[in-house]
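Residue numbers (my numbering), protein chains in the order written: chain A, 3 to 472; chain B, 11 to 316.
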């Protein structure tokens, strides 16, 4: 008799999800699935709204990476209007992006993921969280708080506010940076480089300690997709590159042509769709996006410290690295890169330039804006009528690209680590760790209809009697 | 004295409210010496809300799971805080109320450009929650004791609300409007023409509304520090209606129409002037449609049709 184990809500992630595991009396797992619980319908209610308002509306898709949605939206709007973004505005938007990466990546590592590694996956749920870290190591906690604050201050200075950014307008940005802003932010960005180095120094030995778990959890060998510019890691602009399991480039293409290459499948068990590489079909077209995918896809990183980390990483894990828990490691390399780039940009006098806006005129058009969000490639696509009113919208978020891989990884992991219909809490937490590695954002994912993603486990007997709920 | 127990959860939300709490940065740490989170899925693996003094919910009620979670939180806490515009008013995703559930689902799962779903199947397995016909504010279902509006809410206000609860001091929202907090220079409210954000040349010092941009500052409760107009973007009203104002959107329509500089020329095309007020629902009800009279009117209409 097949029973269902439910982990609901999945916790220490953004948004609402549960895991369903089908298991028989002997403990044999036949399937495991990730259920995304919500959908909000942004693609529908954007229609009929002025397109320039979209970058201020899609920010409510996600409160953790609102900058990515704001910027992908702004790029799509500029493309709709057929304008090249004003030069200074382009720089400020890019800087905004690094501010967000510093905030989001440090948030994920210290506040969400680290407790599994600092206390171990079997520690009690009451301790295995950021409050546990604050109690156990207050100095580290203060450092983490300050680190994230650097990111949010860069975002506030460029976006007007840290949540729901507002400054990107068609062709540009509403406000520039003053020299006083730069004098305030540059030392912070330099501090972020030091924080990033310290975080890597702290994390690498811990990853090493958990290498066995890293090898077991979440196996989902796949192709990888990410933005590159001249072969370098790129977070704001550039070409999309898909690499195969052997590390060779399969395709490099202009993001505006994404529909030629990517299609979305509708799972019966999830409100989140699952994109795949069109040419290979749903069965074989699985790819991933994320920090790991990006550092797999690029040839090198343009900043020296992060590039040295990349080379060390490649020596240890190859290219492409496939182990899912290495997402954490890759995320920290990107944290260092984002901090270094923030320093570079704030040190460039062009950042206080005055070329903030170009004149634009409404027209009928189509605009695709693609950017790398902290969790991976993000795509916004709008069609407008001659007054610049949206007639059609399509949004593919990072977490969606990883949907199939998360499902595959969960099933593989469940079949390896579950051998009883009543697994221990620590075992179920390992299932959650698979999802957590992706830093999934189910609020993003559920832009389609409002979402929720805590994880809860319910274990029912075949007669429907509840034997475990946590 | 023991720590005050707090339970926090999100409903149909984006996590921005939770980030606002974290944006208290280091000032959050002393607060944590006085309160203890017993349940907060974004940060902790505890799976069910225990009894607590304070409950905080962000997000609106979009599906059956949201409603169930809200009722659990309400049942288990003494004081309920609605955090953010979605919880307080239904929020920006409440614009989905302009469409039926079938329209939303068909757009998302069948007709978007990249979707391949020839059989038109909607997700249904594993006890996925049921989508409710509408996004609703938390107060439509349960008693709310404290509202902290904003998208995202102002971190300082969150800190003040929590500390005032601990000290028993009353926490009150501002009775002023965003205009009262806005540093832009105001003179005469005489609109010649409505401009979209990309039209005209923006004067960085002067009131955006007076320049012709649809800025909702005058119809919106203060408390944000006028962050958007300060950064050069018009207010879209995320703090909701002003004190004693029933309808934020109506207040804005009234503000615009009463400031139109009408001349005595009988040939003035009044219809064209009205048509210039583009997307009034999106602009004036961006965060409050679910709790507006407009929404209630629409429900009555739909009911009458059936």
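Every residue gets a Cβ at the ideal spot worked out from N, C-alpha and C, and that includes glycine. If you're wondering where the values come from, they're calculated on a predicted model, not measured in any experiment.
Looking at chain B, is there any beta carbon in it that lies within less than 8 Å of the beta carbon of residue 57/A? No, residue 57/A does not count as interfacial toward chain B.
Excluding the 5 residues preceding and the 5 following residue 407/A in the sequence, name in chain order all residues of the same chain whose CB lies nearer than 7 Å to its CB. Around residue 407/A: 222, 224, 288 and 290.
Residues within the segment 36-47 of chain A neighbouring chain B, beta-carbon criterion of under 9 Å: Residues are counted here when their Cβ sits less than 9 Å from a Cβ of chain B; for the segment 36-47 of chain A these are 37, 38, 39, 40, 41, 42, 43, 44, 45, 46 and 47, given in chain order.
Which of helix, strand or coil does DSSP assign to residue 16/A? Shown here, residue 16/A sits in a strand according to DSSP, grouped into three states.
Anything in the segment 24-36 of chain B with a Cβ closer than 8 Å to a Cβ of chain A? List those residues in chain order, please. From the segment 24-36 of chain B, only 24, 25, 26, 27, 28, 29, 30, 32, 33, 35 and 36 have a Cβ closer than 8 Å to chain A.
For residue 4/A and residue 27/A, I'd like the C-alpha separation in whole angstroms. C-alpha separation (whole angstroms): 7 Å.
Would the segment 159-177 of chain A count as touching the segment 54-67 of chain B if we require 3 or more Cβ pairs under 8 Å? Not touching, per the Cβ criterion.
For residue 384/A, which of helix, strand or coil comes out of DSSP? If DSSP states are grouped into helix, strand and coil, residue 384/A belongs with the strands.
Round the Cβ separation of residue 21/B and residue 113/B to the nearest angstrom and send it over; I've been treating them as touching at under 8 Å. So it is not a contact: roughly 22 Å between Cβ atoms.
Spatially closest choice to residue 441/A from 399/A, 213/A and 265/A, by CA coordinates: Measuring from the Cα of residue 441/A, the nearest candidate turns out to be 399/A.
I'd like to know whether the C-beta of residue 294/B is nearer than 8 Å to at least one C-beta of chain A. By this cut-off, residue 294/B is not an interface position.
Minimum C-alpha distance to residue 62/B - residue among 70/B, 71/B, 73/B and 50/B: When only C-alpha atoms are compared, the closest one is 50/B.
Could you tell me if the beta carbon of residue 229/B falls within a distance shorter than 7 Å of some heavy atom in the ligand SAM? In the structure on display, the ligand SAM does not appear, and there are no ligands present to speak of.
Give the interface partners of residue 131/A over in chain B, defined as CB-CB distance under 8 Å, in chain order. Under a criterion of Cβ atoms nearer than 8 Å, the residues of chain B adjacent to residue 131/A are, in order, 53, 54 and 55.
Hey, is residue 105/B's beta-carbon within less than 8 Å of any beta-carbon in chain A? With 8 Å as the cut-off, residue 105/B counts as an interface residue toward chain A.
How many whole angstroms separate the CB atoms of residue 429/A and residue 25/A, which I take to be in contact at a CB cut-off of 8 Å? Going by Cβ atoms, the distance from residue 429/A to residue 25/A rounds to 12 Å, so no, they are not a contact pair.
Three-pair Cβ contact test at 8 Å for the segment 75-91 of chain A versus the segment 134-143 of chain A: Result no; under three Cβ-Cβ pairs closer than 8 Å.
So, using beta-carbon positions, are residue 63/A and residue 44/A closer together than 8 Å? Yes, Cβ-Cβ distance for residue 63/A and residue 44/A is below 8 Å.
For residue 226/B, decide whether its Cβ has a neighbour in chain A, counting only Cβ atoms nearer than 8 Å. Output row for residue 226/B: interface = no.
Proximal residues, the segment 202-225 of chain B versus chain A, C-beta separation under 7 Å: Answer set for the segment 202-225 of chain B: 206, 207 and 208.
Quick check on this structure: which residue in 199/B, 252/B, 124/B and 265/B has the alpha carbon closest to the alpha carbon of residue 1/A? Only positions 3 to 472 of chain A appear in this structure, which leaves residue 1/A out of reach.
Is residue 138/B buried or exposed, if buried means 16 or more other CB atoms sit within 10 Å of its CB? Buried: at least 16 other Cβ atoms inside 10 Å.
So does the segment 278-292 of chain B actually touch the segment 256-269 of chain B, counting three or more Cβ pairs closer than 8 Å? In the pairwise beta carbon analysis, the segment 278-292 of chain B is classified as touching the segment 256-269 of chain B: at least three pairs are separated by under 8 Å.
Rounded to whole angstroms, what is the Cα-Cα separation between residue 42/A and residue 17/A? Cα atoms of residue 42/A and residue 17/A: separation of roughly 12 Å, rounded to the nearest angstrom.
For residue 53/A and residue 392/A, believed in contact at Cβ under 8 Å, the rounded distance: The pair is a contact, with the Cβ atoms about 5 Å apart (cut-off 8 Å).
Could one say the Cβ of residue 91/B lies closer than 8 Å to chain A's Cβ atoms, at least one of them? No Cβ of chain A is located within less than 8 Å of the beta carbon of residue 91/B.
Assign residue 298/B to one of three DSSP states: helix, strand, or coil. DSSP, reduced to helix, strand and coil, places residue 298/B outside both helices and strands of the structure shown, so it counts as coil.
Can you name the residues that DSSP bridges to residue 270/B? Its beta-bridge partners are 201/B.
At least one CB of chain B closer than 8 Å to the CB of residue 451/A: is that the case? With a pLDDT of 34 at residue 451/A, under the threshold of 50, the modelled position of that residue is not reliable, and the figure given next carries that caveat. Yes, contact with chain B.
Which chain B residues are close to residue 171/A, counting only those with a beta carbon under 7 Å from its beta carbon? Contact annotation for residue 171/A against chain B: 207 and 208 [CB-CB distance below 7 Å, chain order].
Does the pairing of the segment 32-39 of chain B with the segment 164-172 of chain B give three or more beta-carbon distances under 8 Å? Flag = yes, the segment 32-39 of chain B and the segment 164-172 of chain B touch.
Kindly provide the ranges of any alpha helix (DSSP H) runs that are 4 or more residues long and lie completely inside the segment 45-79 of chain B, ordered along the chain. DSSP runs (the alpha helix (DSSP H)) wholly in the segment 45-79 of chain B: none.
Residue 396/A bridges to which residues according to DSSP? Residue 396/A is bridged to 383/A.
If we cut at 8 Å on Cβ distances, does residue 149/B have a partner in chain A? Not an interface residue.
Spatial distance of residue 109/A from residue 403/A (CA atoms): Those two C-alpha atoms are separated by around 22 Å.
Could you pull the start and end residues of the alpha helix (DSSP H) that residue 329/A belongs to? Run containing residue 329/A: 328-349, per the alpha helix (DSSP H) assignment.
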